[in-house]
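Enquirer:
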Amino acid sequence: MNRLVLLIPVLLTLLSGCSSKKKADLLVTNAHIYTADSTFSVADAFVVKDGKFIAVGPASTLTNEYEADSTADLGGQPVYPGLYDPHAHFLGLGQVLNQADLVGTTSYDDLLERLKAFRKQHPDALWLTGRGWDQNDWPEKTFPTKEKLDAAFPDVPVALMRVDGHALFVNSKALRLAQVTAGSKMPGGEIILANGQPTGILVDNAMQLIKRVIPQPDLADKAKMLLAAEKVCVSLGLTSISDAGISPDEINLIDSLHKTNKLKIRDYAMVSLGEPNLNYFLKRGPFQTDRLTVRSFKLYADGALGSRGACLRKPYSDRPETGGFLLLSPSELERVSKLLYDSKFQANTHCIGDSANHLMLDIYGKLLKGKNDRRWRIEHAQVVSADDFWKFGRYSIIPSVQPTHATSDMYWATERLGPVRVKGAYAFKDLMKQNNVIAFGSDFPVEAVNPLFGFHSAVARQDAKNFPKGGYQMENAVDRKSALLAMTRWAAYACFEDHLRGSIAPGKQADFVILDRDIMTAPAPELRTTKVKQTWIGGERVF
């Protein structure tokens with residue numbers, strides 16, 4: 001009995017030692033973890049509890065300190081923060097999944113064959129819609145005209161969005177339904193004519209003449225589209241996206257899907273510009289939930305380079321009669337920017353041409369005056385004059401760019417811009433130098449959703465065919481560390497969310513991705529074939 005009494009304190013000590021481990025939900029060990037934190041440290045273990053990282057460090061330490069409901073030994077596999085696309089069209093991706101896929105068509109005839117196949121699968125659709133054609137990929141690089149489209153589809157209206165979303169190709173049936181004639185006008189847009197009659201091509205704002213008569217999906221249909229888009233995104237490692245221009249109804253729909261836990265992916269929503277939207281949100285102010293943030297507006301200064309709607313300071317080299325055009329007047333762009341400056345909202349402005357970039361950099365600078373933390377962004381920053389780069393640094397303006405635009409456009413960009421002006425295009429390294437920060441997105445579905453395509457384009461400056469040998473304008477290639485940051489912590493910073501996500505660090509949301517190879521060391525030709533093994537959002541495995 002005395003011996004037992006003597007053993008009790010020892011047993012209690014042992015029991016207390018066993019129970020002293022901290023409780024957690026998930027313990028990941030034996031991994032190669034790129035934290036993307038402020039020192040870009042690499043760890044081999046982390047712990048998750050209640051949807052957040054609570055510890056990151058050596059496995060030997062964390063296994064002694066924590067007891068988790070689930071453990072995972074990754075066998076040395078590479079782990080990264082959840083990938084963040086700071087400029088995408090999430091609902092647009094869902095819509096495209098229900099349309100004819102015209103990406104990669106090699107000719108007008110190829111486009112027609114794809115449309116015929118799609119029509120057989122959807123014989124009762126009131127409109128035949130599709131997206132993704134690019135005349136620059138065809139033998140004849142001029143815009144198509146509607147004659148062949150009319151012959152193939154005389155009785156159903158057809159509306160086909162160009163790959164960049166800034167030109168629409170329609171048939172005569174669609175023109176008649178929309179009552180579009182040679183005399184129709186739309187400021188900030190163009191109806192292409194031949195022999196005094198519409199060819200079927202409408203550029204930028206002129207597209208609205210057709211869009212207003214196309215039946216639109218209701219909220220139930222949009223919910224299905226969003227869920228379909230999410231499946232694609234999480235399968236490719238995306239845990240956060242920034243929706244570049246959506247309506248209040250669409251924002252409310254996303255919020256409701258989040259609240260019912262049907263939609264997992266995080267969304268930084270940019271509100272579409274418009275007077276009703278301005279009035280509504282400027283009075284309400286920014287708001288944020290666990291998965292949705294609304295604190296920015298999407299502005300459009302000009303169109304796209306491929307459809308020659310981008311606004312240039314001098315005419316196009318391959319069409320000297322035009323220099324493109326603005327979608328809104330300079331006075332309107334300045335008025336709206338001033339409204340946003342007087343609020344807590346961020347301004348994110350689409351600027352492709354050097355004239356649009358020049359204008360908006362000056363409008364921003366006039367309001368921001370110097371260094372600041374407003375994090376106003378230029379979306380795309382595609383063609384920038386040599387004498388304008390410094391303005392990004394002077395006024396703390398973030399360039400939000402899409403690396404795959406460079407490797408998609410490189411085949412014809414010099415024709416549009418000429419050999420001198422093109423050097424200021426897709427200048428990611430020069431842009432990054434201004435503030436030591438840049439955000440890399442995809443602009444999907446304009447480009448492919450896969451963020452690793454952008455990573456490859458940024459560091460190798462090559463396309464899927466690993467063309468050109470040696471890379472395109474390699475003076476503006478970005479190193480791999482910066483490219484990863486641009487898709488994680490810097491992307492989150494561009495959306496005021498770097499305190500929540502973008503790195504694997506204690507207190508951050510447990511969003512992470514496991515890949516089948518290490519993109520920081522793999523040969524460049526292997527980057528686009530890298531596969532996502534697992535995607536986690538808030539400590540929950542979603543793929």
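Quick note: the sequence shown, position 167, residue 167 per the UniProt record's numbering, numbers continuous.
The beta carbon of each residue, even a glycine, is placed where N, CA and C say it ideally should be.
This one's a predicted model, so the numbers in the text were calculated from it and none came from an experiment.
In the DSSP output, what is His380 paired with across the bridge?
Expert: In the sequence shown, counting from the first residue as 1, residue 380 sits at position 380. His380 is bridged to Cys351.
Enquirer: Pick out whichever of Gln216, Gln179, His89 has its Cα sitting closest to the Cα of Asp164.
Expert: Here residue 164 is taken as the residue at index 164 of the sequence shown, counted from 1. If we check each option's Cα against that of Asp164, His89 comes out closest.
Enquirer: Alpha carbon to alpha carbon, how far is Ile254 from Asp518? Give it in angstroms, no decimals.
Expert: Numbered from 1 along the sequence shown, position 518 holds the residue referred to as residue 518. Numbered from 1 along the sequence shown, position 254 holds the residue referred to as residue 254. Straight-line Cα distance between these residues: approximately 33 Å.
Enquirer: Does the region 339-357 come within contact of the region 299-319, defined as at least 3 CB pairs closer than 8 Å?
Expert: As far as the Cβ criterion goes, the region 339-357 touches the region 299-319, which means the pair count is three or higher.
Enquirer: Candidates Pro315, Pro320, Glu332, Phe345: which alpha carbon is nearest Ser355's?
Expert: In the sequence shown, residue 355 corresponds to position 355, counting from 1. For the residues Pro315, Pro320, Glu332, Phe345, the minimum Cα distance to Ser355 belongs to Pro315.
Enquirer: Looking at the structure shown, is Tyr108 part of a helix, part of a strand, or coil, going by DSSP?
Expert: In the sequence shown, residue 108 corresponds to position 108, counting from 1. Helix, per DSSP.
Enquirer: Going straight from the alpha carbon of Pro217 to that of Leu227, what length do you get?
Expert: Translated into the one-based positions of the sequence shown, residue 217 becomes position 217. Translated into the one-based positions of the sequence shown, residue 227 becomes position 227. Distance between the alpha carbons of Pro217 and Leu227: 14 Å.
Enquirer: Going by beta-carbon coordinates alone, are Met514 and Thr35 separated by less than 9 Å?
Expert: Within the sequence shown, the letter at position 514 stands for residue 514. Within the sequence shown, the letter at position 35 stands for residue 35. Reading off the sequence, residue 514 comes out as Ile, not Met. The answer is no: Cβ separation not under 9 Å.
Enquirer: For the beta strand (DSSP E) that contains Arg295, what are its first and last residues?
Expert: By 1-based counting over the sequence shown, the position of residue 295 is 295. Counting along the chain, the beta strand (DSSP E) containing Arg295 begins and ends at 292-300.
Enquirer: Note down, one range per segment and in chain order, each alpha helix (DSSP H) of at least 4 residues found wholly within the region 473-516.
Expert: With a minimum length of 4 residues, the continuous alpha helix (DSSP H) runs that stay inside the region 473-516 are 480-486, 489-494.
Enquirer: Would you report the Cα separation of Trp133 and Ala55, rounded to the nearest angstrom?
Expert: For this step, residue 133 is matched to residue 133 along the sequence shown. For this step, residue 55 is matched to residue 55 along the sequence shown. Rounded to whole angstroms, Trp133 to Ala55 spans 48 Å at the Cα level.
Enquirer: Under three-state DSSP, which class holds Tyr341?
Expert: For the purposes of this step, residue 341 is taken as residue 341 along the sequence shown, with counting starting at 1. Note: Tyr341 maps to helix in three-state DSSP.
Enquirer: What's the call for Gln99, buried or exposed, on a 16-neighbour Cβ count within 10 Å?
Expert: Counting from one through the sequence shown, the residue named residue 99 turns up at place 99. Under this definition Gln99 is a buried residue.
Enquirer: By the 10 Å Cβ neighbour count, where 16 or more other Cβ atoms means buried, how is Leu527 classified, buried or exposed?
Expert: Taking the first residue of the sequence shown as 1, we reach residue 527 at position 527. By the neighbour-count rule (16 or more Cβ atoms within 10 Å), Leu527 is buried.
Enquirer: Only counting the same chain, and skipping five residues up and downstream in sequence, which positions put a Cβ closer than 6 Å to that of Leu27?
Expert: As a working note, residue 27 is residue 27 in the sequence shown. So the qualifying residues of the chain are Val47, Tyr66, Ala68, Thr71.
Enquirer: Quick check: Leu128 and Phe153, are their CB atoms within less than 9 Å of each other?
Expert: Position 128 of the sequence shown holds residue 128. Position 153 of the sequence shown holds residue 153. Contact: yes.
Enquirer: Mind checking residue 576: buried by the 16 CB within 10 Å criterion, or exposed?
Expert: A question about residue 576 goes unanswered here, because the residues of the chain that appear run from 1 up to 543.
Enquirer: For Glu190, name the three-state secondary structure that DSSP assigns.
Expert: Residue numbering aside, residue 190 sits at position 190 when the sequence shown is read from its first letter. Strand.
Enquirer: How many Å lie between Pro419 and Phe467 at the Cα?
Expert: Along the sequence shown, one-based indexing puts residue 419 at 419. Along the sequence shown, one-based indexing puts residue 467 at 467. Each residue's alpha carbon lies about 19 Å from the other.
Enquirer: Of the choices Leu257, Leu102, Asp37, Leu111, whose alpha-carbon is the least far from that of Tyr80?
Expert: The sequence position of residue 80 within the sequence shown is 80, counting from 1. Cα-wise, what sits closest to Tyr80 is Asp37.
Enquirer: Quick one: using the 10 Å Cβ neighbour count with 16 as the cut-off for buried, is Ala117 buried or exposed?
Expert: Numbered from its first residue, the sequence shown carries residue 117 at position 117. Ala117 should be labelled exposed.
Enquirer: Are residue 552 and Asp409 close, meaning C-beta to C-beta below 9 Å?
Expert: Lying before the first or after the last residue shown, residue 552 is absent from the chain, which here runs from 1 to 543.
Enquirer: Need the endpoints of the beta strand (DSSP E) that Tyr268 sits in, please.
Expert: Numbered from 1 along the sequence shown, position 268 holds the residue referred to as residue 268. Where Tyr268 is concerned, the enclosing beta strand (DSSP E) stretches over 266-272.
Enquirer: If you draw a straight line from the alpha carbon of Leu102 to that of His166, how long is it in whole angstroms?
Expert: Numbered from its first residue, the sequence shown carries residue 102 at position 102. Numbered from its first residue, the sequence shown carries residue 166 at position 166. When rounded, the distance between both Cα atoms is 15 Å.
Enquirer: Please state the DSSP three-state secondary structure of Val336.
Expert: Sequence index remark: in the sequence shown, residue 336 carries index 336 (1-based). Val336 falls in the helix class under three-state DSSP.
Enquirer: Closest to Ala159 by CA distance: which of Glu332, Gln473, Leu112 is it?
Expert: Translated into positions along the sequence shown, residue 159 becomes position 159. Answer by Cα proximity: Leu112.
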